[in-house]
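Colleague:
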Amino acid sequence: MSKKIAPVLASLTAAALFLTTACSSSDDSPDSGSTAGNEKVALTYWSWAPNMDKVVEGWNSTHPNIQVTVNKQDGGDPAVTKLLTAIKAGSGAPDVMQAEYQKIPTLVSADALADISKEAGSLKDKFPAAAWNSVTLGGDTVYGVPQDSGPLMFFYRSDVFEKNGLQAPKTWDDYAAAAEKIHKANAKQYLGTFSASDAGLFAGLAQQAGASWWGVNGDSWTVNINDAATQKVAAYWGGLVEKGTIDNKPMYTPEWNAALNDGSQVGWVSAVWAPGVLEGSAKDTKGKWKAAPMPQWDTAAPATGNWGGSATSVTSQSKHPKEAAEFITWMNSDPAALKLLAGTANVYPAANDATSALTTPPAFFSDQSDFYSIAAEAGKQTKPFTYGPNVNVAYSAFNDAFGKAAESKKAAAFTESLATIQKATVDDMKNSGFTVAG
Amino acid sequence: MALTTTLPRSTTASVAARPARKGRGGVPYAFLAPGLLLFTLFLAAPIVYAGYLSLRKVKVSGLGLGSKSRTEVWAGLSNYSRSMTDPDWLPSVYRIIGYGLIVVPVMLGLALLMALLLDANRTRPALSSFARIAIFLPYAVPAVVASLLWGFLYLPRVSPFVYALDKFGITAPELLSSSWVLYAVANVAIWGGTGFNMIVIYTALKSVPTSLYESARIDGASELAIAWRIKIPIVMPSLVMTFVFSLIATLQVFAEPITLKPLSNTISFTWTPLMKVYRDAFVRNDIYSAAATSVVIAVATFILSFGFLKLVGRRAFTQED
Numbered sequence: 045m046s047k048k049i050a051p052v053l054a055s056l057t058a059a060a061l062f063l064t065t066a067c068s069s070s071d072d073s074p075d076s077g078s079t080a081g082n083e084k085v086a087l088t089y090w091s092w093a094p095n096m097d098k099v100v101e102g103w104n105s106t107h108p109n110i111q112v113t114v115n116k117q118d119g120g121d122p123a124v125t126k127l128l129t130a131i132k133a134g135s136g137a138p139d140v141m142q143a144e145y146q147k148i149p150t151l152v153s154a155d156a157l158a159d160i161s162k163e164a165g166s167l168k169d170k171f172p173a174a175a176w177n178s179v180t181l182g183g184d185t186v187y188g189v190p191q192d193s194g195p196l197m198f199f200y201r202s203d204v205f206e207k208n209g210l211q212a213p214k215t216w217d218d219y220a221a222a223a224e225k226i227h228k229a230n231a232k233q234y235l236g237t238f239s240a241s242d243a244g245l246f247a248g249l250a251q252q253a254g255a256s257w258w259g260v261n262g263d264s265w266t267v268n269i270n271d272a273a274t275q276k277v278a279a280y281w282g283g284l285v286e287k288g289t290i291d292n293k294p295m296y297t298p299e300w301n302a303a304l305n306d307g308s309q310v311g312w313v314s315a316v317w318a319p320g321v322l323e324g325s326a327k328d329t330k331g332k333w334k335a336a337p338m339p340q341w342d343t344a345a346p347a348t349g350n351w352g353g354s355a356t357s358v359t360s361q362s363k364h365p366k367e368a369a370e371f372i373t374w375m376n377s378d379p380a381a382l383k384l385l386a387g388t389a390n391v392y393p394a395a396n397d398a399t400s401a402l403t404t405p406p407a408f409f410s411d412q413s414d415f416y417s418i419a420a421e422a423g424k425q426t427k428p429f430t431y432g433p434n435v436n437v438a439y440s441a442f443n444d445a446f447g448k449a450a451e452s453k454k455a456a457a458f459t460e461s462l463a464t465i466q467k468a469t470v471d472d473m474k475n476s477g478f479t480v481a482g
Numbered sequence: 010m011a012l013t014t015t016l017p018r019s020t021t022a023s024v025a026a027r028p029a030r031k032g033r034g035g036v037p038y039a040f041l042a043p044g045l046l047l048f049t050l051f052l053a054a055p056i057v058y059a060g061y062l063s064l065r066k067v068k069v070s071g072l073g074l075g076s077k078s079r080t081e082v083w084a085g086l087s088n089y090s091r092s093m094t095d096p097d098w099l100p101s102v103y104r105i106i107g108y109g110l111i112v113v114p115v116m117l118g119l120a121l122l123m124a125l126l127l128d129a130n131r132t133r134p135a136l137s138s139f140a141r142i143a144i145f146l147p148y149a150v151p152a153v154v155a156s157l158l159w160g161f162l163y164l165p166r167v168s169p170f171v172y173a174l175d176k177f178g179i180t181a182p183e184l185l186s187s188s189w190v191l192y193a194v195a196n197v198a199i200w201g202g203t204g205f206n207m208i209v210i211y212t213a214l215k216s217v218p219t220s221l222y223e224s225a226r227i228d229g230a231s232e233l234a235i236a237w238r239i240k241i242p243i244v245m246p247s248l249v250m251t252f253v254f255s256l257i258a259t260l261q262v263f264a265e266p267i268t269l270k271p272l273s274n275t276i277s278f279t280w281t282p283l284m285k286v287y288r289d290a291f292v293r294n295d296i297y298s299a300a301a302t303s304v305v306i307a308v309a310t311f312i313l314s315f316g317f318l319k320l321v322g323r324r325a326f327t328q329e330d
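First to last, the sequence lines map onto chains W and Y. Numbering follows this note's numbering, in which position 349 of the first sequence is assigned residue number 393; successive positions increment by one, without gaps. Numbering follows this note's numbering, in which position 169 of the second sequence is assigned residue number 178; successive positions increment by one, without gaps.
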């Protein structure tokens with residue numbers, strides 16, 4: 045009995061504290077008050093965002109009875125592997141977990157996330173529809189609160205563009221023409237590279253073109269990796285690689301870092317978080333970069349995709365799901381927390397209110413005062429995209445198939461790869477027993 | 010009375026006989042116990058568990074969302090058939106055969122050559138021990154670190170060698186491109202493994218009495234003939250042992266390619282059989298087919314190494330007889 049009541053009382057008290065954060069700590073000394081008020085709840089939180097402990101300090105200092113400890117993770121993939129292992133083992137999972145949007149269906153399907161629709165369902169209007177859709181998977185269950193998003197943007201070396209008499213590309217045709225002109229003028233320079241190891245970026249580019257690789261149709265899944273929109277994107281990048289006007293080497297290698305820094309890579313189709321990466325990889329080129337909206341397929345209907353972004357979820361093993369839900373609600377929607385997220389943890393908050401927290405451009409783009417208005421515009425144009433329960437299967441198949449295609453430098457190999465990925469993804473789902481339409 | 014006298018007699022007889030038998034039966038087990046216990050806990054049990062897992066699978070119902078939508082069921086041999094018919098499986102097997110054909114002869118050849126050279130130079134112990142340590146040192150570098158080091162040397166824009174060659178107007182080949190990548194990975198393994206094998210062979214050489222060489226020299230044998238006719242036949246058991254070790258290491262190659270993977274387009278997730286196991290278990294989250302592939306690799310390793318030992322058995326163990 046007492047075991048069942050204690051958490052409820054604790055959470056009620058916590059809720060009361062939550063409403064009166066300002067005075068709660070001074071009014072109630074820990075020794076006085078009801079016994080339930082002394083019930084301290086300790087939560088663990090897995091995250092890989094930098095400085096997250098400083099954001100959490102903002103919560104801990106005002107919520108003495110719900111203390112959160114950040115446990116720094118290596119990154120999205122290792123954290124998911126660890127969490128799934130803990131779920132299988134029956135213990136060892138944290139209370140709160142940073143979860144990339146594309147991993148949420150995988151985690152839900154492994155029964156790793158708790159439903160927090162009671163605590164956080166009312167937050168729907170505070171987030172862009174695409175982000176909210178990622179945490180509800182289109183249903184009524186809420187598997188997390190969106191934290192950050194990564195709308196795609198285009199980054200380029202303005203000095204190189206000026207030298208070649210070029211403007212920021214408005215369409216993908218412009219981008220192709222600019223890539224050709226730059227490479228012709230200087231055979232060592234490329235406007236970009238096709239990276240076979242970044243399936244997330246390619247998915248974002250397909251998203252921009254209108255693809256949604258998975259979908260739910262009644263009681264069955266649909267998989268559309270080889271659809272017309274994705275074919276268009278694959279053919280486009282395959283064409284550029286075949287022509288040799290862009291490079292075919294993967295991103296995030298020492299080679300690529302050096303190429304960004306020495307001016308061999310003079311553009312990057314990336315997301316709103318790119319300044320942080322460029323600051324680390326291309327520090328010698330500071331002040332020469334500019335951000336622009338994504339090149340478009342159809343300028344009349346501007347669209348963009350996402351690369352990265354994550355939600356904060358409560359795990360199914362948490363013994364204090366209510367307190368955990370309260371904490372993540374605060375962290376991702378409270379104005380003070382959003383300011384900490386943007387300013388200290390350097391993430392681009394998903395919440396609609398965040399625009400007010402983002403006034404000064406990132407340090408690497410300090411001259412570009414409209415940086416965050418471009419980002420906000422991109423965020424609004426993000427197309428809906430549904431992830432499936434086996435994103436990792438599709439992404440690893442992407443790596444292998446497009447790795448071969450990029451190495452062969454043949455546009456036909458790019459478009460053929462999509463059929464391979466589609467088949468690997470559907471076969472895996474059918475083998476596991478998922479109902480897959482078509 | 011008669012009864013009481015005969016009884017003690019029979020008991021003393023059996024008591025006298027028993028301790029000896031008991032001692033012979035129990036003591037060896039007591040000595041073996043720690044080994045057997047550790048073997049059972051950390052080798053046999055996991056193997057049995059992997060075998061069990063390889064016969065199971067998770068069955069999802071419907072959309073697979075929400076709790077209770079997953080159940081573990083018996084899978085029969087379907088994990089095995091799925092693993093073996095995976096289009097990536099055979100290429101990865103062929104690839105490590107090619108990899109083994111490069112690594113094993115080159116590494117053991119180099120190790121033998123260096124051991125013989127060091128052994129021939131017995132007159133300058135200080136120089137010889139420095140050389141020995143220098144050759145052995147790469148073995149002390151973890152494979153992941155070694156792969157990262159070599160990875161930097163392979164990438165044209167960060168490699169000092171490519172830079173230097175470029176200064177002389179020579180364009181270095183792209184070592185991580187599809188035509189070179191097998192050699193690039195093999196090179197890391199050879200660099201790391203030669204020293205260890207050299208030490209094994211060298212130690213065997215050192216135990217050869219010098220009187221053998223003296224008599225050979227009196228008979229007019231050259232240093233080359235001594236090496237070929239005396240030293241190599243004598244260290245044959247060590248060569249066999251290093252060969253079996255290298256064979257097993259080849260079948261299990263993993264750290265080097267998985268570390269170099271993100272640097273290039275040419276190393277896939279299923280580049281070697283063990284990488285496929287890793288992908289299935291940790292990328293695809295399917296430990297069941299990973300277990301099936303592991304069992305197949307373990308059986309293949311067992312057959313190959315014991316088959317080879319049986320083939321050369323008499324030669325390999327002449328030293329112990």
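For each residue, glycine too, the CB sits at the ideal point set by N, CA and C.
Using the rule of at least 16 other Cβ atoms within 10 Å of the residue's Cβ for burial, across every protein chain shown, is Glu-81(Y) buried or exposed?
Modeller: exposed
Colleague: Can Ser-156(Y) and Glu-265(Y) be called in contact, C-beta distance under 8 Å?
Modeller: A Cβ-Cβ contact shorter than 8 Å links Ser-156(Y) with Glu-265(Y).
Colleague: So with Cβ pairs under 8 Å, would you call Lys-68(Y) a contact of chain W?
Modeller: yes
Colleague: So which of Ala-223(W), Ile-110(W), Val-277(W) and Trp-281(W) has the shortest CA-CA distance to Ala-450(W)?
Modeller: Trp-281(W)
Colleague: Alpha helix (DSSP H) containing Lys-207(W): first to last residue?
Modeller: 202-207
Colleague: Mind pulling the chain W residues with CB within less than 8 Å of Ser-277(Y)?
Modeller: Asn-443, Asp-444, Gly-447 and Lys-448
Colleague: Can you check whether the C-beta of Pro-246(Y) is within less than 8 Å of a C-beta belonging to chain W?
Modeller: no
Colleague: Enumerate in chain order the residues of its own chain whose CB-to-CB distance from Ile-105(Y) is below 7 Å, with the five nearest sequence positions on each side excluded.
Modeller: Thr-259, Leu-260, Val-262, Thr-281 and Pro-282
Colleague: In chain Y, which residues lie with their C-beta within 7 Å of the C-beta of Tyr-145(W)?
Modeller: Under the 7 Å cutoff, chain Y gives no residues; its nearest Cβ is about 15 Å from Tyr-145(W).
Colleague: Do Asp-121(W) and Val-391(W) have their C-beta atoms closer together than 8 Å?
Modeller: no
Colleague: Drop a sphere of 10 angstroms on the beta-carbon of Phe-315(Y), count the other beta-carbons inside from all chains shown, and report buried for 16 or more, exposed for fewer.
Modeller: exposed
Colleague: Mind listing the chain Y neighbours of Ser-202(W)? Cutoff is C-beta to C-beta under 8 Å, in chain order.
Modeller: Here the premise fails: no neighbours, minimum Cβ distance about 23 Å.
Colleague: According to DSSP, is Thr-268(Y) part of a helix, a strand, or is it coil?
Modeller: helix
Colleague: Skipping 5 residues on each side, what residues in its chain have a beta carbon closer than 6 Å to that of Ala-66(W)?
Modeller: With a pLDDT of only 38 at Ala-66(W), under the threshold of 50, the placement of this residue in the model should not be trusted; the figure read from the coordinates follows. Within the same chain, Ala-66(W) has no close Cβ partners at all.
Colleague: My output table needs one value for Pro-393(W): the three-state DSSP class, helix, strand or coil.
Modeller: strand
Colleague: Can you check whether the CB of Thr-388(W) is closer than 8 Å to the CB of Lys-497(W)?
Modeller: Any property of residue 497(W) remains undetermined from this structure, which presents chain W solely from 45 to 482.
Colleague: So which of Lys-334(W), Asp-472(W) and Gly-283(W) has the shortest CA-CA distance to Val-435(W)?
Modeller: Asp-472(W)
Colleague: In whole angstroms, give me the CA-to-CA distance for Thr-459(W) and Val-313(W).
Modeller: 20 Å
Colleague: Ala-381(W) lies in the alpha helix (DSSP H); which residues open and close that run?
Modeller: 379-387
Colleague: Tell me, please, which residues DSSP counts as bridged to Trp-83(Y).
Modeller: Arg-65(Y)
Colleague: Going by DSSP, name the residue or residues bridged to Asp-192(W).
Modeller: Ser-354(W) and Pro-393(W)
Colleague: Around the Cβ of Tyr-103(Y), are there at least 16 other Cβ atoms within 10 angstroms (buried) or fewer (exposed)?
Modeller: Its Cβ having fewer than 16 others within 10 Å, Tyr-103(Y) is exposed.
Colleague: Output needed for Asp-75(W): all residues of its chain with C-beta closer than 6 Å, excluding positions within five of it in sequence on either side, in chain order.
Modeller: Summary for Asp-75(W): the model assigns pLDDT 38, below 50, so the residue's position carries little reliability; its value from the coordinates is reported in the next sentence. Leaving aside the five residues that flank Asp-75(W) on each side, none in its chain has a CB nearer than 6 Å to its CB.
Colleague: Counting only the same chain and skipping the five closest in sequence on each side, list residues whose C-beta sits under 6 Å from that of Val-190(Y).
Modeller: Thr-275
Colleague: Considering only residues of the same chain and omitting the five flanking positions on each side of Gln-340(W), which have a CB-CB separation below 6 Å?
Modeller: Thr-215 and Pro-346
Colleague: Going along chain Y in order, which residues have a C-beta closer than 8 Å to the C-beta of Asn-436(W)?
Modeller: Val-292, Arg-293 and Asn-294
Colleague: Starting from the Cα of Pro-108(W), find the closest Cα among Asp-159(W), Val-85(W), Ala-457(W) and Asn-115(W) and give me that residue.
Modeller: Val-85(W)
Colleague: Decide if Gln-211(W) is buried, meaning its Cβ has at least 16 other Cβ atoms within 10 Å, or exposed.
Modeller: exposed
Colleague: Roughly how many whole angstroms lie between the Cα atoms of Ser-70(W) and Leu-249(W)?
Modeller: In this prediction, Ser-70(W) has a pLDDT of 37, which is less than 50 and means its spatial position is unreliable; nothing more can be read from the coordinates.
Colleague: Does the beta carbon of Pro-365(W) come closer than 8 Å to any beta carbon on chain Y?
Modeller: no
Colleague: Would you verify that the beta carbon of Arg-104(Y) is, or is not, closer than 8 Å to some beta carbon of chain W?
Modeller: no
Colleague: Please identify the residue among Phe-246(W), Ala-173(W), Phe-199(W) and Gly-102(W) whose C-alpha is closest to the C-alpha of Lys-427(W).
Modeller: Ala-173(W)
Colleague: For Lys-334(W), list the residues DSSP reports as bridge partners.
Modeller: Tyr-200(W)
Colleague: Look at the Cβ atom of Asn-305(W), then the Cβ atom of Asp-328(W), and state whether they are nearer than 8 Å.
Modeller: yes
Colleague: Is Asn-268(W) near Ala-481(W), with beta carbons less than 8 Å apart?
Modeller: no
Colleague: Between Ala-231(W) and chain Y, is there a C-beta pair that is closer than 8 Å?
Modeller: False, the Cβ-Cβ gap to chain Y never drops below 8 Å.
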